[in-house]
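A.B. asks:
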Amino acid sequence: MTQYLAKKAAILIGSLFLVTTLTFFLMHSIPGDPFVQDKAIPEEILKALHKHYGLDQPLYIQYGKYLDGVLHFELGPSFKYEGRTVNEIIADGFPVSFYLGMEALIIAVFGGIVLGSIAALNHMRWQDHMTMIIAVIGISVPSFILATFLQYLLAMKLDLLPVARWGTFSQTIMPAISLAALPMAFIARLTRANMVEVMQQDYIQTAKSKGLNSFQIVVRHAIRNALMPVVTYLGPLTAAVMTGSFAIEKIFGIPGLGQWFVTSITNRDYTVIMGTTIFYSAILMLCVFIVDLLYCLIDPRIQLKQEIDGR
Amino acid sequence: MTKKLLDVRGLNVKFLTQGKSLHAVRGIDFSIFEGETLGIVGESGCGKSATAKALVQLNPRYSSELSGEILYQGNNLLTYSEKKMQLIRGKEIGMIFQDPMTSLNPTIKIGHQIMEGYLRHYPNASRKVARQIALETLEKVGISHPEERFESYPHTFSGGMRQRAMIALALACKPHILLADEPTTALDVTIQAQILDLLKQIQKETKTSILLITHDLSVVAKMCDRVIIMYAGKIAEQGNVDDIFEAPQHPYTQRLLLSIPRLNQSKNEPLFTIEGTPPNLSYPLAGCAFCARCHHAMRICANHQPPLFETRPNHFTACFNHDPRLKND
Amino acid sequence: MEDKTYLFSPLSQAEKEAAFEHTAYAPQVSYWKDAWVRLKQNKPALFGLTTLILLIFMAIIGPFLSQYTYYETHLSLKNDPPSSAFWFGTDELGRDLFTRCWWGARISLFVGISASLIDLVIGVFFGAVAGLLGGKIEEWMMRFADVLYAIPYLLVVILLMVVIGSGILTIILALTITGWINMARIVRSQILQIKQQDYVRAAFALGASRRRVLLQHLIPNAMGPIIVTLTLTIPSAIFAEAFLSFLGLGVQAPIASWGTMANDGLPALRYYPWRLFFPATFISLTMLSFNLLGDGLRDAFDPRLKK
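Residue numbers (this note's numbering), protein chains in the order written: chain G, 14 to 324; chain R, 12 to 340; chain V, 334 to 640.
#1: Check whether the Cβ of P414/V lies closer than 8 Å to any Cβ atom in chain R.
#2: Between the Cα of K94/R and those of P242/G, Q229/G, T289/G, spot the shortest distance and give me the residue it belongs to.
#3: Secondary structure at I624/V, three-state DSSP: helix, strand or coil?
#4: If you reduce the DSSP assignment to three classes, tell me which class H85/G lands in.
#5: With DSSP as the reference, label G269/G as helix, strand or coil.
#6: Within 10 angstroms of its Cβ, does R543/V collect 16 or more other Cβ (buried), or is it exposed?
#7: To be precise: take each residue of the segment 302 to 320 of chain R, compare its Cβ to all Cβ atoms of chain V, and keep it if any distance is under 7 Å. Which residues remain?
#8: So, helix, strand or coil for Y242/R, using DSSP?
#9: Quick one: is I150/G near chain V, going by C-beta distance under 8 Å?
#10: List, in order along the chain, the chain R residues whose C-beta lies closer than 8 Å to that of K337/V?
#11: Can you list, in chain order, the residues of the segment 258 to 289 of chain G whose Cβ is nearer than 8 Å to any Cβ on chain V?
#12: Look up P587/V in the DSSP assignment and say whether it is helix, strand or coil.
#13: Give the straight-line distance between the Cα atoms of G323/G and D479/V, rounded to the nearest whole angstrom.
#14: Which residues does DSSP pair with A191/R in a beta bridge?
#15: Count the other CB atoms within 10 Å of the CB of G271/G; is the residue buried (16 or more) or exposed (fewer)?
#16: Locate the beta strand (DSSP E) running through H123/R, then write down its first and last residues.
#17: Can you confirm whether Y616/V, when its beta carbon is compared against all beta carbons of chain G, has any partner nearer than 8 Å?
#18: Just by C-beta distance, which residues in the segment 189 to 218 of chain G are closer than 9 Å to chain R?
#19: If the cut is a Cβ gap below 8 Å, which residues of chain G does G581/V touch?
#20: Which of helix, strand or coil does DSSP assign to Q280/V?
#21: Identify the contact partners of S294/G in chain V, using a Cβ-Cβ distance below 8 Å as the criterion.
#22: What are the residues of the segment 131 to 156 of chain G that lie near chain V, defined by any Cβ-Cβ distance shorter than 7 Å?
#23: How should D628/V be labelled, buried or exposed, when 16 other C-beta atoms within 10 angstroms of its C-beta is the threshold for buried?
#24: Assign I103/G to one of two classes, buried (16 or more other C-beta atoms within 10 Å of its C-beta) or exposed (fewer than that).
#25: Can you round the beta-carbon distance between L626/V and A418/V to whole angstroms, since I take them to be within the 8 Å contact cut?
#26: For chain V, find out if any of its Cβ atoms is closer than 8 Å to the Cβ of I321/G; answer yes or no.
#27: Which two residues bound the contiguous beta strand (DSSP E) that contains D18/R?
#28: Hey, how far is the Cα of D632/V from the Cα of L372/V?
#29: Answer with yes or no whether the minimum CB distance from S42/G to chain V is below 8 Å.
#30: So is A117/G in contact with chain V if we call contact Cβ pairs under 8 Å?
#31: Can you list, in chain order, the stretches of the alpha helix (DSSP H) that have 4 or more residues and sit fully within the segment 484 to 541 of chain V?
#32: So, is F6/G buried or exposed, given that buried needs 16 or more other C-beta atoms within 10 angstroms?
#33: Is S114/R close to chain G, meaning its C-beta is less than 8 Å from at least one C-beta of that chain?
#34: Can you confirm whether Q97/R, when its beta carbon is compared against all beta carbons of chain G, has any partner nearer than 8 Å?
#35: Tell me, please, whether the CB atom of I158/G is closer than 8 Å to any CB atom in chain V?
#36: Should K469/V go down as buried or exposed, given a rule of 16 or more other Cβ atoms within 10 Å for buried?
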């Protein structure tokens, strides 16, 4: 088991390093100057600005300094917002995004598992078809389109929910649902497919032959084995929620990290773009790693398989 | 006179797939007596597994159609609802399956899987008692160090041990009848013998009746008291094992016995096979199912289903060649 | 009562065959034909397929149907709702939304399909080589893919777009940088499975070169999952393009894709909803159709579902 985790940790560190390097060199390969966008700035001030931000140094030194900063969780100052550091911006925006993300996650996981189970246990009957139609719409309609649709219908036309902004619980409903739709649909389909497969397994037949009733069979034998693959989806799920939040926060005017990220893209605020990208990547990879860890603990077969494969 | 435990009359099983109806078991009658081992033998697709499952309604729920009578303790089991059936399964009639690797839940410890069945039927029992029963059963099936094995997962067991564990699981509630669906097919030959010996031993001790489903005639010879030969959903021949092996009456049985490879066969002799294939049971059959492959087929065979004729005491054959009308000449 | 002698007389071989020929098992159907039959029975998949054909058809001829071009402005008629003059209404510069929608269709579909096709080529090549060669080479190739895969896909795409600047080719490039990994994994696992089949071993034993075995046996037999994956990659490419456009990284005006049109329509949602409604519906409908078709193909090719 430790070998398995060590391998996953190595991939994590390698990818993070790759992202940092990639991000750094990409940002620095943009032609032009980060300061010369809005208005004409006199030569000396430009030079002073460059010196102040360390941009006059050779590239590899800048890179080294940046790496050093990342390792110490210092992501530098914002070029656009005087006096604000990237760290501050992240600290401001992340809690909001995190809250929204968690809400969406909870909706997605519970909603998805329930929907998927209903479908599987009524295989090929109307409940199955109904839920799966909802699911395929869920994965096909992009989250930002669903968001605008909900906003238009429920807020602008019917006035049931607040249109935008953040602060009250009712303001979280539409954004969370929009974010949750895709992962929920995915989880529903995955749960259903796994459940159907599990219910056809021989050990379910054995359980039945012992006289167990449907509840005991589903809860004690089926659900656990069907849900294990769903755990592995939690990594990509985090990614979906995270990237989805960029657009959702923009639509609903939510002051989360996603909005900052989008704004910094439009503004070409390079340090914020870099810092946020690295931060997001780190969070995502950490989530994937935690999921791998969880999966290892839940499935007793993994340990044996790793020993056999010599990994 | 031994007690009759189970009486099956006119059992029919149909499977509905993609608009077509497959008539897998086409009207069979048989009985199981206390303490005996009854074998059902036949090739793949003859309906033997479907028959065994029908006894406890384990066929696919929404795509199977069962009819007939299965009389147990005076009641027709086919009229039982799913809820009532659950009380029968495991407690009155237990079942073991072909592949012990896939038939045991890989993520639950063996001991718990055995306890589960017991607690289902004796919900007032304490977990301690259930655990004790599970340990005793594990020991009875020949698994050494039962306390350690109790806490193990199925994938840590060898094939033979897994099958023993499954037998333990099925016997936990001491059922009167044990349905064994090809219990040794997935095992090595040496392990096969051990498992069969174990079953015989258990039967001696507990007087459990065993319905043994197999395609292997040597298993039948070793284990069974009586045997039913099934072909294409119907009983071709039925009787005591000795009688059938000594004097097979049905052309199918005769050719089955001929097809067992013999050690004293010459190397250059081709292996004996029965030419042709069983009929497709999605289509109705007018005559005897074996007719197209039978060397003794007569005109009547093509259009009429042969009933079971008692050719010798307690030895029945469904073949017009043994029709008493033929004897009148 | 039939004559006993007749009833009990032997049956000849010819008579047997005549009586029982209808009970023989149905002849084997080819893999592709069987899949096609199964696909045809899948109503949602057929809906997806026909919708796609219609959408592609309209993408081709749509712009010719109206009298306007996608870039002419009619400033006095801006933000008009759908009418007989402008079937989908007009945008903030008075451009005909109907024409622009079908131009957008061309762009979005082109980007989605070409990015997926490039992913297909790279992925099949990579996965096939990895699966076929095995050993250390395969190990390092897949580790490389694993590390690359762990990087958040859209983040990288966004970064690239910021650096390279937007435009159709750059979007396609950005989408294909990491999009091929999924296809590569699927191809590799298929190859590994097929490699173990006896007919492949036989081919090697007869002296076939690796290239020949790859082209003649491995890839054709992996086509099923490859086609399914391709069909399901396209909607995610279309989504990615729409998403990028929504963030302001899409194609430049006056060219429009559905994504940029949706982005333009967002601020006007309350008062001129049709500007967002039409591109949004088409994006969703296209993705839905591809997903339904992909699901249907997956079920049609699944060997486990064979009778």
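Ideal placement from N, C-alpha and C gives every residue a C-beta, glycine not left out.
C.D. replies: This is what the structure gives:
#1: By 1-based counting over the third sequence, the position of residue 414/V is 81. P414/V does not count as touching chain R.
#2: Along the second sequence, one-based indexing puts residue 94/R at 83. Nearest option by C-alpha distance: Q229/G.
#3: Residue 624/V sits at position 291 when you count from the first residue of the third sequence. Correcting the residue type first, residue 624/V is Asn in the shown sequence and not Ile. Helix.
#4: The residue you call residue 85/G lines up with position 72 of the first sequence. The answer is coil: DSSP assigns H85/G none of H, G, I, E or B.
#5: Here residue 269/G is taken as the residue at index 256 of the first sequence, counted from 1. Reduced to three states, the DSSP call for G269/G is coil.
#6: Here residue 543/V refers to the residue found at position 210 when the third sequence is read from its first residue. With fewer than 16 Cβ atoms within 10 Å of its Cβ, R543/V is classed as exposed.
#7: C302, A303, A308, M309, R310, I311, C312, A313
#8: The residue you call residue 242/R lines up with position 231 of the second sequence. Reduced to three states, the DSSP call for Y242/R is strand.
#9: Working through the first sequence from its first residue, we reach residue 150/G at position 137. Answer yes: the Cβ-Cβ gap between I150/G and chain V drops below 8 Å somewhere.
#10: Stepping through the third sequence from its first residue, residue 337/V is reached at position 4. Chain R residues near K337/V: R336.
#11: F259, A260, K263, I264, V275, I278, T279, R281, I286
#12: Along the third sequence, one-based indexing puts residue 587/V at 254. Of the three classes helix, strand and coil, the one that applies to P587/V here is coil, per DSSP.
#13: The residue labelled residue 323/G in the question sits at position 310 within the first sequence. The residue labelled residue 479/V in the question sits at position 146 within the third sequence. Caution is warranted here: a pLDDT of 39 is assigned to G323/G, below 50, making its placement in the model unreliable, and the coordinate value is therefore given only provisionally. Taking the straight line from one Cα to the other gives about 19 Å.
#14: Within the second sequence, the letter at position 180 stands for residue 191/R. DSSP lists I107/R, L223/R as partners of A191/R.
#15: The sequence position of residue 271/G within the first sequence is 258, counting from 1. That one is buried.
#16: Residue 123/R sits at position 112 when you count from the first residue of the second sequence. Segment 121 to 132 is the alpha helix (DSSP H) holding H123/R; no beta strand (DSSP E) there.
#17: Taking the first residue of the third sequence as 1, we reach residue 616/V at position 283. Reading off the sequence shown, one finds Ile at residue 616/V, where the question assumed Tyr. It does: the Cβ of I616/V has a partner Cβ on chain G nearer than 8 Å.
#18: Q214, D215, Y216, I217, Q218
#19: Here residue 581/V refers to the residue found at position 248 when the third sequence is read from its first residue. The answer, in chain order, is V275, I278, T279.
#20: Nothing can be reported for residue 280/V: it is not among the residues displayed for chain V, which extend from 334 to 640.
#21: Indexing the first sequence from 1 puts residue 294/G at position 281. Neighbours of S294/G on chain V, chain order: I484, P485, L488.
#22: V149, I150, I152, S153, V154, P155
#23: The residue given as residue 628/V occupies position 295 in the third sequence. It is buried - the Cβ of D628/V has at least 16 other Cβ atoms within 10 Å.
#24: Position 90 of the first sequence, counted from the first residue, corresponds to residue 103/G. Buried, because 16 or more other Cβ atoms sit within 10 Å of the Cβ of I103/G.
#25: By one-based count along the third sequence, residue 626/V stands at place 293. By one-based count along the third sequence, residue 418/V stands at place 85. Contact doesn't hold; Cβ gap of about 36 Å is too wide.
#26: Start at 1 with the first residue of the first sequence, and residue 321/G comes out as number 308. For I321/G, the pLDDT reaches just 45, beneath the cut-off of 50, and the residue's location in the model is therefore unreliable, although a value from the coordinates is still provided. No, its Cβ sits nowhere closer than 8 Å to a Cβ of chain V.
#27: Along the second sequence, read from residue 1 onward, the residue named residue 18/R stands at position 7. Unbroken beta strand (DSSP E) run through D18/R: 15 to 28.
#28: Here residue 632/V refers to the residue found at position 299 of the third sequence. Here residue 372/V refers to the residue found at position 39 of the third sequence. Near 8 Å, if we compare the C-alpha coordinates of L372/V and D632/V.
#29: For this step, residue 42/G is matched to residue 29 along the first sequence. For S42/G, the answer is yes, since a Cβ of chain V falls inside 8 Å of its Cβ.
#30: Position 104 of the first sequence, counted from the start, is the residue given in the question as residue 117/G. No, its Cβ sits nowhere closer than 8 Å to a Cβ of chain V.
#31: 486 to 497, 501 to 528, 531 to 538
#32: Outside the modelled stretch of chain G, which goes from 14 to 324, sits residue 6/G, for which no answer is possible.
#33: Residue numbering aside, residue 114/R sits at position 103 when the second sequence is read from its first letter. Output row for S114/R: interface = yes.
#34: Residue 97/R sits at position 86 when you count from the first residue of the second sequence. Yes, its Cβ sits closer than 8 Å to a Cβ of chain G.
#35: One-based indexing of the first sequence puts residue 158/G at position 145. Closer than 8 Å: yes.
#36: As a first step, residue 469/V must be located in the third sequence, where it is residue number 136. The residue is exposed, with fewer than 16 neighbouring Cβ atoms inside 10 Å.
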